[in-house]
Amino acid sequence: MTSESFPETTAELSIDFAPLFENRLDKRSFQSGEVILAAGEKNRSLHVILEGEVEIKAGNFRVASEGRGGIFGELSLIDDSPTSASVIACSDGVCAVLDQLEFVDLIQDHPFFAIAVMRVICSRLRAMN
59 MTSESFPETT AELSIDFAPL FENRLDKRSF QSGEVILAAG EKNRSLHVIL EGEVEIKAGN
119 FRVASEGRGG IFGELSLIDD SPTSASVIAC SDGVCAVLDQ LEFVDLIQDH PFFAIAVMRV
179 ICSRLRAMN
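In this note's numbering, the protein residues as written are 59 to 187.
1) Alpha carbon to alpha carbon, how far is Pro169 from Ser90? Give it in angstroms, no decimals.
2) In whole angstroms, what is the alpha-carbon distance linking Ala172 and Asn101?
3) Could you tell me which residues DSSP puts in a beta bridge with His188?
4) So if DSSP puts Val145 in a beta bridge, which residue, or which two residues, is it bridged to?
5) Cα separation between Ala147 and Asp167?
6) Once the 5 residues before and after Leu164 are set aside, which same chain residues still bring their CB inside 6 Å of it?
7) Express the C-alpha separation of Ile129 and Glu113 in angstroms, rounding to a whole number.
8) Determine the contact status of Leu108 and Glu132, defining contact as a CB-CB distance below 8 Å.
9) Return the CA-CA distance between Lys115 and Met186, expressed in angstroms with no decimal places.
10) Can you pull the DSSP bridge partners for Glu124?
11) If I'm right that Ala97 touches Ser142 with Cβ under 8 Å, what's the distance once you round it to whole angstroms?
Here you go:
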């Protein structure tokens, strides 16, 4: 991962996260209909969708639909609490998986990555209100 992959200003913070993590060895495949994360379970990983599409649901409310370049698992990774929503695969796919240490290292090296993740969190919280 190079610093050229990250934005230089806050105006460029809409990030397609997939190209940053395509070459990772730690990947997880999922199948259409699979519950990738269930609300209330422990999760200590940020998932970056490389292929496929998922739906993020809090109860019966659809919080977001994410495809290539989208992320999920960020809240429970950050605050070490159980997941607040379920993530269900809408198609077969693959995601890269980052643990807490990798996430912290990435933020230390590239602070704008943290702001981009915070924007995703804000967007989802606003969708729930």
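Glycine included, every Cβ here is placed at the ideal spot set by N, Cα and C.
In brief:
1) Position 32 of the sequence shown, counted from the first residue, corresponds to residue 90. Position 111 of the sequence shown, counted from the first residue, corresponds to residue 169. Roughly 34 Å separates the two Cα atoms.
2) Within the sequence shown, residue 172 is the residue found at index 114, counting from 1. Within the sequence shown, residue 101 is the residue found at index 43, counting from 1. Taking the straight line from one Cα to the other gives about 18 Å.
3) Outside the shown range of the chain, which is 59 to 187, sits residue 188, and nothing can be said about it.
4) Numbered from 1 along the sequence shown, position 87 holds the residue referred to as residue 145. For Val145, which the question treats as bridged, DSSP gives the partners Leu95, Ile114.
5) The residue you call residue 147 lines up with position 89 of the sequence shown. The residue you call residue 167 lines up with position 109 of the sequence shown. Taking the straight line from one Cα to the other gives about 31 Å.
6) Your numbering for residue 164 matches position 106 in the sequence shown. Phe171.
7) As a first step, residue 113 is located in the sequence shown; it is residue number 55 there, counting from the start. As a first step, residue 129 is located in the sequence shown; it is residue number 71 there, counting from the start. In a straight line, the C-alpha of Glu113 is about 11 Å away from that of Ile129.
8) One-based indexing of the sequence shown puts residue 108 at position 50. One-based indexing of the sequence shown puts residue 132 at position 74. In this structure, Glu132 does not lie closer than 8 Å to Leu108 by Cβ.
9) On the sequence shown, residue 115 is found 57 positions in, with the first residue counted as 1. On the sequence shown, residue 186 is found 128 positions in, with the first residue counted as 1. Their backbone Cα atoms lie some 10 Å apart in a straight line.
10) Position 66 of the sequence shown holds residue 124. According to DSSP, Glu124 bridges with Val112.
11) Here residue 97 refers to the residue found at position 39 of the sequence shown. Here residue 142 refers to the residue found at position 84 of the sequence shown. Yes, they are in contact, since the Cβ atoms of Ala97 and Ser142 sit about 6 Å apart, within 8 Å.
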